[in-house]
DNA sequence: CCAATTGTTTCCTAATTAAGAAACTTGTAT
DNA sequence: ATACAAGTTTCTTAATTAGGAAACAATTGG
């Protein structure tokens with residue numbers, strides 16, 4: 022645990038140093054890309070777990086395989102509903118835990 | 022607790038009865054709208070908690086107040102990135118808990 | 001190594017979000 | 001009741017997603 026925390030800290034420091042501090046434009050772009058990467062990766066991972074091709078997944082939600090490819094590789098800023106459809110088709114429940122200061126709002130998609 | 026469960030059950034039954042069983046097209050549409058309703062409501066709730074106007078929130082993320090209004094009232098299928106920007110601007114952390122059969126993937130936006 | 005499948009990329013077109021702006025409605029405070 | 005602010009709706013235009021189709025690249029299995 023301790024080593025994990027240390028590792029995390031030094032990674033953050035590395036990012037601060039090489040990409041820039043939080044709040045700078047370059048860093049914000051990095052954070053954003055990172056997050057989107059995770060989204061696409063996650064979709065791909067689940068899809069492959071289920072042994073589905075991009076074409077099959079696309080058919081399930083009325084989207085072409087080219088779109089699935091773009092979504093998985095974060096080459097497009099898809100519509101919110103499209104992303105939800107993807108997760109629904111993969112039978113993956115998404116819990117949006119919106120954390121505020123003290124409250125915790127939760128709802129499922 | 023017991024009364025909660027009973028209440029929930031009878032609500033489900035009501036929905037089954039009046040909207041249709043799960044899997045029917047009409048019910049699916051209902052479910053979808055319900056989920057989107059919650060999204061818009063949630064955004065509005067957080068925004069109002071923070072004492073922001075739609076125009077102010079819009080300015081923060083480069084979107085017109087008209088768009089915020091449409092998002093909150095679910096009159097548009099906004100882009101995924103736009104929805105994320107809204108939550109980020111509201112300082113609300115979204116945890117995507119993607120639940121598969123046994124695994125649990127989690128990542129934050 | 002070849003063949004077949006899967007995934008990526010590109011082209012053009014259709015559909016839809018969002019900008020920009022303005023009118024209109026609702027709500028609030030004085 | 002009136003004035004002001006906030007929210008909603010509408011219009012036109014610009015930008016971008018997605019469809020449709022096809023070419024190309026990469027991967028997998030025989």
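Residue numbers (our numbering), protein chains in the order written: chain D, 22 to 130; chain S, 22 to 130. For glycine and all other residues, C-beta sits at the position ideal for the given N, C-alpha and C.
key: residue 99 of chain D: contacting residues in chain S (beta-carbon distance under 8 Å)   = In the first chain, residue 99 of chain D corresponds to position 78, counting from 1. In chain order: 100 and 101.
Limits of the alpha helix (DSSP H) - the one that residue 79 of chain S falls within = As a first step, residue 79 of chain S must be located in the second chain, where it is residue number 58. Its alpha helix (DSSP H) spans residues 75-82.
key: Which residues DSSP lists as bridging residue 66 of chain D, in chain order   = Locating residue 66 of chain D in the first chain gives position 45, counting from the first residue. Residue 66 of chain D is not bridged to any residue.
task = Would you please verify whether the beta carbon of residue 104 of chain D is less than 8 Å from any beta carbon of chain S?
result = For the purposes of this step, residue 104 of chain D is identified with residue 83 of the first chain, where counting begins at 1. Interface residue, yes.
query = Less than 8 Å separating the beta-carbons of residue 105 of chain S and residue 89 of chain S?
reply = Within the second chain, numbered from 1, the residue matching residue 105 of chain S stands at position 84. Within the second chain, numbered from 1, the residue matching residue 89 of chain S stands at position 68. No, the Cβ-Cβ distance between residue 105 of chain S and residue 89 of chain S is not below 8 Å.
CB-CB length for residue 111 of chain D against residue 68 of chain D, believed under 8 Å = Along the first chain, one-based indexing puts residue 111 of chain D at 90. Along the first chain, one-based indexing puts residue 68 of chain D at 47. Taking the Cβ atoms as the reference, residue 111 of chain D lies roughly 6 Å from residue 68 of chain D, within the contact range of under 8 Å.
query = For residue 100 of chain D, which beta-bridge partners are listed by DSSP?
reply = Here the question's residue 100 of chain D lines up with position 79 in the first chain. For residue 100 of chain D, which the question treats as bridged, DSSP gives the partners S/100.
ask   = Start and end of the alpha helix (DSSP H) containing residue 91 of chain D?
value = Residue 91 of chain D sits at position 70 when you count from the first residue of the first chain. Where residue 91 of chain D is concerned, the enclosing alpha helix (DSSP H) stretches over 86-93.
task = Can you tell me the Cβ-Cβ gap for residue 76 of chain S and residue 86 of chain S, rounded? I've got them flagged as a contact below 8 Å.
result = Taking the first residue of the second chain as position 1, residue 76 of chain S is located at position 55. Taking the first residue of the second chain as position 1, residue 86 of chain S is located at position 65. Indeed, because the Cβ distance is near 4 Å, the residues count as touching under 8 Å.
ask   = What separation, rounded to the nearest whole angstrom, lies between the Cα atoms of residue 107 of chain S and residue 82 of chain S?
value = As a working mapping, residue 107 of chain S is identified with position 86 in the second chain. As a working mapping, residue 82 of chain S is identified with position 61 in the second chain. Approximately 7 Å between the Cα atoms of the pair.
query = Using the C-alpha atoms, what's the distance from residue 59 of chain S back to residue 74 of chain S?
reply = On the second chain, position 53 is the one that residue 74 of chain S refers to. On the second chain, position 38 is the one that residue 59 of chain S refers to. Going by the C-alpha atoms only, they are around 19 Å apart.
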